[in-house]
Structure formats: structure tokens, C-alpha cells
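Structure first, commentary second.
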Amino acid sequence: MPHYEFFCKACKKTFSKIMTMAEHEAEKASCPHCGSQEVEQRWSAFSAVTSKKSA
Ligand SMILES: [Zn+2]
Numbered sequence: 613m614p615h616y617e618f619f620c621k622a623c624k625k626t627f628s629k630i631m632t633m634a635e636h637e638a639e640k641a642s643c644p645h646c647g648s649q650e651v652e653q654r655w656s657a658f659s660a661v662t663s664k665k666s667a
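All letters in the sequence shown, in the order written, are residues 613 to 667 by my numbering.
The structure is reproduced here in C-alpha cells:
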């Protein structure tokens, strides 16, 4: 399941959400702290990188 990270511009907190691709397309994320939709998506590095360790 994809994990999305967001940063709230209103209260300057980060939060993460687990949602399906379809949910992500359909709904605008809102901040669980203040309810603002002034959120910006952060792509977390670990979701792109697998468990492969660097040599
Ligand atoms: Zn907020």
C-alpha cells in the first residue's frame, strides 16, 4: 500500500497517510492537525528505495 507524506503549510506539521492510488487521485488530503487543505505532498525517499543496502 502506498504511503504518502504531506506537509501542512497552515500549521507547519508533517503527516503521513496510507491510501490507495485511487483514493489519492480522488481526494484532496487535509491536515489531521488543523483540517487545512493547504498541504503539500512530500515524496519520501524510502518509498522509492527498496531494502537494498548501499555497498
Ligand atoms: Zn495543519
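In this text, a Cβ means the ideal position worked out from N, Cα and C, and glycines have one as well.
All values reported here derive from a predicted model rather than from experimental measurement.
| query | result |
| --- | --- |
| Uninterrupted alpha helix (DSSP H) stretches inside the segment 625-656 (no shorter than 4 residues) | 633-638 |
| Proximity of residue 616 and residue 653 at Cβ, strictly below 8 Å | yes |
| Sequence-distant residues of the same chain with beta carbon closer than 6 Å to residue 626, five excluded per side | 619 |
| Heavy atom of ligand 1 within 7 Å of residue 641 beta-carbon | no |
| Opening and closing residue of the beta strand (DSSP E) in which residue 620 lies | 615-620 |
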